[in-house]
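In the numbering used here, the protein residues as written are 24 to 171.
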Amino acid sequence: MLRRVRILVVTFWAGLLWSVGFVAAPTLFVTLPDRMLAGTVAGSLFHVTAWLSLACAAVLALLLWSGMRDERQTLRPLLWLIMAMAVCTLAGYFGLQPAMASLRAVMHAGGTVQAAAALHRFGLLHGVASFIYVVQSVLAAVLVLKMR
Numbered sequence: 024m025l026r027r028v029r030i031l032v033v034t035f036w037a038g039l040l041w042s043v044g045f046v047a048a049p050t051l052f053v054t055l056p057d058r059m060l061a062g063t064v065a066g067s068l069f070h071v072t073a074w075l076s077l078a079c080a081a082v083l084a085l086l087l088w089s090g091m092r093d094e095r096q097t098l099r100p101l102l103w104l105i106m107a108m109a110v111c112t113l114a115g116y117f118g119l120q121p122a123m124a125s126l127r128a129v130m131h132a133g134g135t136v137q138a139a140a141a142l143h144r145f146g147l148l149h150g151v152a153s154f155i156y157v158v159q160s161v162l163a164a165v166l167v168l169k170m171r
């Protein structure tokens, strides 16, 4: 029973990451004519995804920890994967997102040299955040394949 719950949580977490990051968010930018609106909606989706990711990490860690007496060697690498994914969420969303939000505010002020510099810096931070998200998504695939 515990194994099945772990598999369900991992499946939910991986599916959430993949569907929001690689389907929903890109679709918003292709479909909506207003990039600012698309970014706002995508930001809301990533906000929910970040909090759900931390909840999944906590639930999985507890489920694995409770099963470690019997399967200590098998489950320890899974805990490291879960911690790495949680760190990706903390760094990508809770670390970079506040800086990106303040740069977005400067960019929307418009027309200044500061806005151009903010746009450049925003692009760099967005690239780093995207890379972290891809790493987390790959780690999710590994976790799905290793979960039993």
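Glycine included, C-beta positions come from ideal geometry on N, C-alpha and C.
The structure displayed is predicted, hence computed values, not measured ones.
CB-CB length for residue i against residue j, believed under 8 Å
i      : j      : result
Ala47  : Leu68  : 6 Å
Val167 : Ala78  : No, Val167 and Ala78 are not in contact; Cβ-Cβ is about 18 Å, not under 8 Å.
Met170 : Val33  : 5 Å
Tyr156 : Gly66  : Their Cβ separation, rounded to whole angstroms, is 13 Å, which puts Tyr156 and Gly66 out of contact at 8 Å.
Thr112 : Ala140 : About 28 Å; that fails the 8 Å criterion.
Met123 : Leu148 : 5 Å
Val71  : Leu51  : With a Cβ gap of about 14 Å, Val71 and Leu51 do not count as contacting.
Arg29  : Leu87  : 7 Å
Same chain only: Cβ atoms within 7 Å of residue i, ignoring 5 sequence neighbours per side
i      : result
Leu75  : Leu39
Ala107 : Leu162
Ser192 : Absent from the structure is residue 192, since the part of the chain shown begins at 24 and ends at 171.
Close-in-space but distant-in-sequence residues of the same chain around residue i (CB under 8 Å, 5 per side omitted)
i      : result
Ala132 : Ala138
Where the alpha helix (DSSP H) containing residue i begins and where it ends
i     : result
Leu27 : What sits at residue 27 in the sequence shown is Arg, not Leu. Taken as a continuous stretch (DSSP letters only), the alpha helix (DSSP H) holding Arg27 covers 25 to 42.
Leu51 : 48 to 54
Cβ neighbours of residue i in the same chain (closer than 6 Å, five flanking residues each side left out)
i      : result
Ala152 : Gly115, Leu119
Arg144 : Leu126
Val110 : none
Any non-hydrogen atom of the ligand PLP within 7 Å of residue i CB
i     : result
Leu98 : Looking for the ligand PLP in the displayed structure turns up nothing, as the structure carries no ligands at all.
Q) Can at least three beta-carbon pairs, one atom from the region 79 to 87 and one from the region 100 to 116, be found at a separation below 8 Å? A) yes
Q. Which parts of the region 63 to 147 are runs of the alpha helix (DSSP H), unbroken and 4 residues or longer, counting only runs that do not cross its ends?
A. 120 to 132
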